[in-house]
Structures are given as C-alpha cells and as structure tokens.
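In our numbering, the protein residues as written are 46 to 655. Cβ atoms here follow ideal geometry from the backbone N, Cα and C, with glycine treated the same way. Since the model is a prediction, treat every value here as computed from it, not as a measurement. Written below as structure tokens is the structure these notes are about.
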Ligand code: GLA
C-alpha cells in the first residue's frame, strides 16, 4: 500500500491500541506527525487475535468530530474532460457524501473533503481537510447532527466491502491525510504540496526537469507507423523537444479501439522493423522514447481473451458489459497480475524505453471473479487495487530509471495513491487552455504542480473545439510537466519558432515551477473573466506569475494582481519591462496587468529580486 514516509527523526507515530476481548479483535489507531509539516497522517489496522473468523464490513481511515461553525464544504467534482472542479456549499443538517464505487478514484470526484469557516478564502479562514491516499472505492462524509456537532470521515467505501479476517490475520486501511489550516485555502494547499513532495512521492525524477515530450495521440490517433513517428521525432528534435511517446495502437491488431488490449506484441505492419529498431532510430535522432500501455485491460476481441475468457472481471454465468469495447483483467488473481506484469516488462526489456504512460480506460463493473469464492467476494475491489499497486511496485523495482506517468482516460485516477508510484499523472484529456484553468486549479488545490501532466494541444482543440492562441496553450501547460500533443510536422514555420521559444521558457522556469511555493492569485472559476497563479522560490528571489485573460473587457484598462510570498522590503524587477517594485508594493497594492486585446490572451511575468 502507498504510504507516507520520513527519514529517521523527522516523523513520529503514535499508536493507540484498542482491544475487544469478546471478539478477540485488536485495533491500532496510528497518528503520524512530521517535523516539517502541519499535516497529520492517520490510518487503522485491525488484527484478529481470537480463534474465530471476523468479517470487517466498515473500516474507515479517519474520523473527526467538531463543533459546528457554519462551515462551507469544499469538494472536487467533474467528469471525463472536466476533472476536479472546485465545488462549495453550506453544511446543513444531515449527511453530505462524496464517494466512488467505480473501482478507481474516478473522474467524477476526489477522495477529499474540506470544511472551511465562513469567509474563508485563499489567505484567511480556518480549514479542516482530509485526503485519502488510495486509488479505489472510497467514501468521504460530513454529518451535522442535532447537537450542532459535525463529524467528518474518510476511508474505504463500505458498500460491497467485506474483508474476511482469519485468526492471526491483519488488515491495514489506506492512510488519510488530515490538515488544519488557519491561513485559508492557500495554506492548506501548500501543506498538501509539501507533504506529498517530501513524504509521499518516491520517484527519483521528483526533483528533476522531466523531458519535454511529444505524444502522438492527438496527432495521429491509431493511424501511424514507424516512418511517421520518426518524422515527428526529427522535427521535434529541431525545436528542442526531448522525448517521443508512442501512444495507443502499436500492438496486436489495434487500428481502432475495438480490439487487441491484452495482445502486447508489437504490430509489425505499423512498426515494420520492430520496436527496438524504432527506439534506436528515435534515440539516434537525439530523443528519448516513451510508450503507452493499458495493462489492466482485455478486449473481448483479443487473442488473450480467446485463450483466457475467465480472466476478465465478470460474474460467472452472466454476460458482462463492455466499456470502450473492453473488459478489465481480474487483478485479484496473482497469476493474472504476473502475466500482465510480464507483458509490460518484456517490452521494456526489449528496447531502450525511458518512460511509460500507464493508462486505464474504463471503470469496474460486473464485479465477479472465477477465483474468489462467495465468502471473499467483498474483498474484490480492494484486492483489485492491491493488484495494480503490486504491478507498479514491481515495475519500478525492475526498472528503477523508468519515468512513470499514470493516466486513466485523462484524469480518472489522479490521486495520492498513484503519486507514490509515479511523480506525474495525466491531468485530463482536455487540453483546451480555458478548460484546463478549472481543471488545473482544482488539481493544484491538493497536488503539486510538478505532478500535473500538461501538454500544448492542437487548435481547434479536439475536446471542445475552441480556438486559442498557441501562447496561451503553452503558458497553461508550463504550469505542469510540459509537452506537446499535436502533429509537429504540420505546424507552420512561425508556430515552430514559437514552440522552440516555449521549450526554452520551460528550461528557464521549470526549476521554479516544480520546486517553488504555489499561490493562487485569482480564479476564473470565481470571476468568470481571468485566472492567475504565482510560484515563488524558497529564498524569495524570484516569482513567476501566469496571467490568463479569458475575456477581454473593452472599457477596462488593467487588472490589479496582488502577489504573495515575497520579501516585503526587497526590490523586484519585472524582467519583461525592467520596472521595479518592492515586495510590499506587489503584495499590498498589487501589480497592474494591462488588458490584452481580445479573448484568451496570457502573460508570463517573471519578477527577480535585485
Ligand atoms: C486515454 C488517454 C489518452 C490516450 C487514449 C488512447 O483516453 O487519456 O491520452 O492515451 O486513452 O486510447
């Protein structure tokens, strides 16, 4: 199970042991605190010390009782292409629940809940927040009762859950992160970011610039071959792009999404010289090579399914439903985990592959297994998640230099559990910069900017059809890991020059964006007009402000942006204009950003201490 960690002396864990003599049950409540963080991590373990079988029907990770303070409840909601929009409403009598029973975290909701006192904003107010480090079914609940008491809890979803605890058996819940901020939502966010950066994400790439990548999905969809990929690589190299990622469609007979998941053999009609030859050619052009997998899946139209129809998740005797023409592999079975792992590992052993995009394009339904008997069926969903975790753990153990990016039909499994394995996650299939403002604001409410997979998309955008300047698409993508998802060979000369310039900006600013402290300055979600965020380095020597003006207002001359996190007495120079300001001025009076003519304009503002 993913878990927070710390070096010796940097954290302490208090374990409170409870015993039920009648049942023979011991329960450990664990509370961990960290030297450098105001977060508290809570988890629970249940141990059967008796002689009878016990059945765990509900075991949450954390529960907190508070007096009611007329709280607002903040949660993150969405759908495919619209993940993690921030939502807020008053806590009223009764229960407010957010949950997933989709077998994964889901596009629809995050395992997160925050209670904020009246008037809370980015800078002030008290916020109590919980986030679960888990990638499967969960529930987060707030209840206001008749005594004006509020209970907030989070953990594994009890519906459909029943874990058999044999005598001597032990069950561990996922960890829940609890944060109390008295400095508004901004302080809550920064506490989550630092906790995840310092105590959860293990990747050796956490603190390095990730290669600027180009992914061929929206450039070619399934219609590509080795020549096309090498042509993209050649052009990409000239512009400073550092890695080519071959997306869906390189294996089996997969020319559309109707078949072949499970048949992880290279399609020689497309990749004519074989995978190694393609990777060598791309490497010879000076680019690293990355590859897409969807290892948890099996299509009914696949050789794997024809050989092992019982490997798909299904209720024996019933016809299971497909989604995107695919079933899910029954990863509760060790032999299937082993097989699916080997499929990925064999490909990685065969060529010089630097990066894997691990996708998961359908949720779990028709829960059933040929291997679990009815007494253990309640373990299915959690065992599935453990199967996924096991595969990723093995992958990173065998390929310690691999850069892993998780993905689930866009951002359907963007959660703290996956961050334990991959330092970055594909944020959303929707790369339109305006849609991304809402998606990235919600994602960054909990997760560091360095974790957000973000690319420059083709225009008009494939998800919403919007036409936006390339500059704005790039500025929004520079808030994350950065790359491209378009056919670079079809760009005009001017667009190519721009791409080369954005790549230089990435190298200039990524250390700051990745490692710096994040401040949300203005929200398009709230004002309907513009968005602004800022990243400041630890020594307060520089700040990068990204301003996106979604709508142009003809009569307005400028907008006032009040910055945060600077040194009051220090002087900062805005590189773009040479103007200088004191930190106090920028924070108290603000910076006047001139109106950009037309909708969808954007600016990067780099303030450097002098
Ligand atoms: C998902 C991913 C996309 C792409 C496709 C391929 O939707 O989010 O980026 O990889 O699958 O089928």
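Assignment of residue 384 by DSSP, reduced to helix, strand and coil, places it in the helix class. Counting C-beta atoms within 10 angstroms of its own C-beta, residue 268 has fewer than 16 neighbours from the protein chains shown and is therefore classed as exposed.
For residue 324, the enclosing alpha helix (DSSP H) covers residues 320-329. Counting along the chain, residue 83 sits inside the beta strand (DSSP E) bounded by residues 82-93. Closest by C-alpha distance to residue 59, out of 348, 559, 73, 443, is 73. If you keep only unbroken beta strand (DSSP E) runs of at least 3 residues inside the stretch 163-209, you get 172-178, 183-189, 194-201.
Exclusion of residue 618 from the 7 Å shell around the ligand GLA follows from its C-beta lying no nearer than that to any non-hydrogen atom of the ligand. The C-beta separation of residue 457 from residue 122 comes to about 13 Å, leaving the pair out of contact by the 8 Å criterion. In the DSSP assignment, residue 469 falls within the beta strand (DSSP E) that extends over 469-471. Under the rule that a run must span 3 or more residues, the beta strand (DSSP E) segments found entirely inside the stretch 545-610 read 562-567, 575-581, 587-594, 603-606. About 23 Å separates the beta carbons of residue 557 and residue 605, which is beyond the 8 Å limit, so they are not a contact pair. Per DSSP, the unbroken alpha helix (DSSP H) holding residue 232 starts and ends at 229-244. Look at residue 404: its beta carbon is less than 7 Å from one of the heavy atoms in the ligand GLA.
Residue 427: not part of any beta strand (DSSP E); member of the alpha helix (DSSP H) spanning 425-443, first to last residue. Per the DSSP secondary-structure output, residue 141 pairs in a beta bridge with 187.
Taken in chain order, the whole beta strand (DSSP E) runs of length 3 or more contained in the stretch 100-155 are 105-112, 117-122, 130-135, 139-145. Taking residue 294 as the centre and dropping the five residues before and after it, the same chain places the C-beta of 267 closer than 6 Å to its C-beta, in chain order. The beta carbons of residue 197 and residue 146 sit no closer together than 8 Å. In this structure, the C-beta of residue 293 approaches the ligand GLA to less than 7 Å from one of its heavy atoms. In the structure shown, residue 283 falls within a helical segment according to DSSP collapsed to helix, strand and coil. According to the DSSP secondary-structure assignment, residue 543 is paired through a beta bridge with no residue.
Restricting attention to alpha helix (DSSP H) runs no shorter than 4 residues, the stretch 343-420 encloses them at 348-352, 379-395, ordered along the chain. Contact fails between the stretch 208-222 and the stretch 405-417, because fewer than three Cβ pairs, one in each stretch, are under 8 Å apart. For residue 651, the pairing in a beta bridge is given by DSSP as 589.
Excluding five sequence positions before and after residue 484, the CB atoms of its chain that fall closer than 8 Å to its own CB belong to 123, 127, 128, 129, 130, 456, 472, 473, 475, given in chain order.
Here residue 612 is not near residue 635, since their CB atoms are 8 Å or more apart. Taking every protein chain shown into account, the CB of residue 655 has fewer than 16 other CB atoms within 10 angstroms, so this residue is exposed.
In this structure, residue 577 has its CB at a distance of at least 7 Å from all heavy atoms of the ligand GLA.
Closer than 7 Å to some heavy atom of the ligand GLA: that describes the Cβ of residue 452. Judged by DSSP secondary structure, residue 481 falls within the alpha helix (DSSP H) whose first and last residues are 478-489. Minimum Cα-Cα distance from residue 325 among the listed residues 275, 347, 171, 362 corresponds to 275. Under a 10 Å Cβ-count criterion, residue 184 is classified as buried, with 16 or more other Cβ atoms of the shown protein chains found around its own Cβ. Residue 143 and residue 515 have their C-alpha atoms roughly 37 Å apart. Using a 10 angstroms sphere on the CB of residue 57, the tally of other CB atoms stays under 16, which defines it as exposed. Cα atoms of residue 538 and residue 288: separation of roughly 21 Å, rounded to the nearest angstrom. Between the C-alpha atoms of residue 520 and residue 419 there is a straight-line separation of about 53 Å.
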